[in-house]
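K.L.:
Please find one structure pasted underneath; my questions will follow.
Numbering (the working numbering), first residue to last: 7 to 292.
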């Protein structure tokens, strides 16, 4: 199956479904950036818990391989959608596909991301715009688009991938720190609004995680020079993140070292900032 993402571009969305009969939670998780790293680790973790999956990334072949693996191991339904979230039309196309296939999204894992590595002034605007589209606009739009169904069912879980960088001083030239700070704040604001309706939202803020991220960004040599103490495996990040959202924690900084780093650069504890923001907001609807 192939669906055009946008009438103004030549990009396309490729979809397929792999499924076998199984006993599942009867809930479905949409995972972006699911072809590798933290996204693939989330897919494996949730499939093991019986969730059906809608896996989204650019690489159709990698998604197909992962879907086949998870269906064989856990007997869960896996739908695959190859889409580029740099395209402004992609979030709507994802949700349109889910509606056509009768897929109700109960869990959203906004994982897809990248980081620029050149100066702001020296980077062409289309490249910067794509970075913002991928990690700000698409993340926010997908949250907004899954909420009607979650609210109607009275249950939902959303994990937005922020970063330990959101707690750090801004890096010269990089949009990444500002973007991840937005994701951190936005996720907490949504959790304040939605938790009374049975919907938990968590900003997952990992530090250095072993994945293909640094290979894709061309920063592998620099990353390999960092002490091993600073690194986590993707499945460790996922376990902590999933436990956090199920417990209703609005922020998760996985790993002891990362927690120490985050607490050392912020004057107030994250939990206290959350409660102050929730209680002292003069614009909050009564």
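Ideal placement from N, C-alpha and C gives every residue a C-beta, glycine not left out.
State the CB to CB distance for the pair residue 250 and residue 208, rounded to an integer number of angstroms; the pair is presumed to be in contact (CB under 8 Å).
P.N.:
Residue 250 sits at position 244 when you count from the first residue of the chain shown. Residue 208 sits at position 202 when you count from the first residue of the chain shown. That pair is a contact at about 5 Å.
K.L.:
Would you mind listing the beta strand (DSSP E) stretches within the segment 97-171 that are 3+ residues and don't spill past its ends, in chain order?
P.N.:
Taking only runs of at least 3 residues, the beta strand (DSSP E) segments lying wholly in the segment 97-171 are 111-116 and 162-167.
K.L.:
Just checking my contact of residue 100 with residue 89 at CB under 8 Å: how many whole Å lie between their CB atoms?
P.N.:
Position 94 of the chain shown, counted from the start, is the residue given in the question as residue 100. Position 83 of the chain shown, counted from the start, is the residue given in the question as residue 89. Rounded, the Cβ-Cβ distance is 6 Å, consistent with contact.
K.L.:
Of the choices 112, 107 and 149, whose alpha-carbon is the least far from that of residue 196?
P.N.:
Here residue 196 refers to the residue found at position 190 of the chain shown. The shortest C-alpha separation from residue 196 is found at 149.
K.L.:
Are there three or more Cβ pairs, one per stretch, closer than 8 Å when the segment 246-262 is compared with the segment 152-170?
P.N.:
Output reads yes: the segment 152-170 touches the segment 246-262.
K.L.:
Residues in the same chain with beta-carbon distance under 7 Å from residue 50, minus the five sequence neighbours each way, listed in chain order, please.
P.N.:
Indexing the chain shown from 1 puts residue 50 at position 44. Closer than 7 Å at Cβ, skipping near neighbours: 76.
K.L.:
State buried or exposed for residue 252, treating a residue as buried only when at least 16 other CB atoms are found within 10 Å of its CB.
P.N.:
Stepping through the chain shown from its first residue, residue 252 is reached at position 246. By the 10 Å Cβ count, residue 252 comes out exposed.
K.L.:
Can you give the Cα-Cα distance for residue 188 and residue 214, rounded to whole angstroms?
P.N.:
Position 182 of the chain shown, counted from the first residue, corresponds to residue 188. Position 208 of the chain shown, counted from the first residue, corresponds to residue 214. Each residue's alpha carbon lies about 19 Å from the other.
K.L.:
By Cβ distance below 6 Å, which residues in the same chain neighbour residue 64 in space, the five residues on each side in sequence not counted?
P.N.:
As a working note, residue 64 is residue 58 in the chain shown. Hits under 6 Å: 90.
K.L.:
At the level of alpha carbons, what is the spacing between residue 265 and residue 106?
P.N.:
If you number the chain shown from 1, residue 265 lands on position 259. If you number the chain shown from 1, residue 106 lands on position 100. Their backbone Cα atoms lie some 42 Å apart in a straight line.
K.L.:
Report buried or exposed for residue 270, applying the criterion of at least 16 other Cβ atoms within 10 angstroms of its Cβ.
P.N.:
For the purposes of this step, residue 270 is taken as the residue at position 264 of the chain shown. It is exposed - the Cβ of residue 270 has fewer than 16 other Cβ atoms within 10 Å.
K.L.:
Taking the alpha-carbon positions, what's the residue 258 to residue 210 distance?
P.N.:
If you number the chain shown from 1, residue 258 lands on position 252. If you number the chain shown from 1, residue 210 lands on position 204. So the two alpha carbons sit approximately 5 Å from each other.
K.L.:
Can you tell me which residues form a DSSP beta bridge with residue 239?
P.N.:
In the chain shown, the residue the question calls residue 239 occupies position 233. According to DSSP, residue 239 bridges with 216.
K.L.:
Compute the distance between the beta-carbons of residue 36 and residue 60, then report whether it is under 7 Å.
P.N.:
Taking the first residue of the chain shown as 1, we reach residue 36 at position 30. Taking the first residue of the chain shown as 1, we reach residue 60 at position 54. Going by C-beta atoms, residue 36 is nearer than 7 Å to residue 60.
K.L.:
To the nearest angstrom, how far is the alpha carbon of residue 113 from that of residue 33?
P.N.:
For this step, residue 113 is matched to residue 107 along the chain shown. For this step, residue 33 is matched to residue 27 along the chain shown. In a straight line, the C-alpha of residue 113 is about 8 Å away from that of residue 33.
K.L.:
Which value, in whole angstroms, describes the spacing of the CA atoms of residue 206 and residue 158?
P.N.:
Residue mapping note: residue 206 aligns to position 200 of the chain shown, counting from 1. Residue mapping note: residue 158 aligns to position 152 of the chain shown, counting from 1. Computed Cα separation, rounded: 14 Å.
K.L.:
Enumerate in chain order the residues of its own chain whose CB-to-CB distance from residue 141 is below 6 Å, with the five nearest sequence positions on each side excluded.
P.N.:
In the chain shown, the residue the question calls residue 141 occupies position 135. So the list reads 119 and 185, once near-sequence residues are dropped.
K.L.:
Among 45, 47 and 80, which one has its Cα closest to the Cα of residue 58?
P.N.:
Along the chain shown, read from residue 1 onward, the residue named residue 58 stands at position 52. Among 45, 47 and 80, the Cα nearest to that of residue 58 is on 80.
K.L.:
Could you tell me which whole alpha helix (DSSP H) segments of length 4 or greater appear in the segment 260-287?
P.N.:
DSSP runs (the alpha helix (DSSP H)) wholly in the segment 260-287: 262-271 and 276-285.
K.L.:
Taking all protein chains shown into account, decide if residue 133 is buried (16 or more other Cβ within 10 angstroms of its Cβ) or exposed.
P.N.:
Working through the chain shown from its first residue, we reach residue 133 at position 127. Exposed, because fewer than 16 other Cβ atoms sit within 10 Å of the Cβ of residue 133.
K.L.:
Among the residues of its own chain, which have a CB less than 8 Å from the CB of residue 108, if the five just before and after it don't count?
P.N.:
For the purposes of this step, residue 108 is identified with residue 102 of the chain shown, where counting begins at 1. Excluding residues within five positions, none has a Cβ falling inside 8 Å.
K.L.:
Since residue 53 is in the alpha helix (DSSP H), which residue starts that stretch and which ends it?
P.N.:
Indexing the chain shown from 1 puts residue 53 at position 47. From DSSP, the alpha helix (DSSP H) with residue 53 extends over 43-54.
K.L.:
Are the beta-carbon atoms of residue 82 and residue 69 separated by less than 7 Å?
P.N.:
Walking along the chain shown from the start, residue 82 turns up at place 76. Walking along the chain shown from the start, residue 69 turns up at place 63. Cβ distance not < 7 Å, so residue 82 and residue 69 don't count as in contact.
K.L.:
Per DSSP, what are the beta-bridge partners of residue 205 in this structure?
P.N.:
Taking the chain shown and counting its residues from 1, one reaches residue 205 at position 199. Looking at the DSSP assignment, residue 205 forms a beta bridge with 162.
K.L.:
What would DSSP say about residue 197, mapped onto helix, strand or coil?
P.N.:
What you label residue 197 is simply residue 191 of the chain shown in a count that begins at 1. The answer is helix: DSSP assigns residue 197 an H, G or I state.
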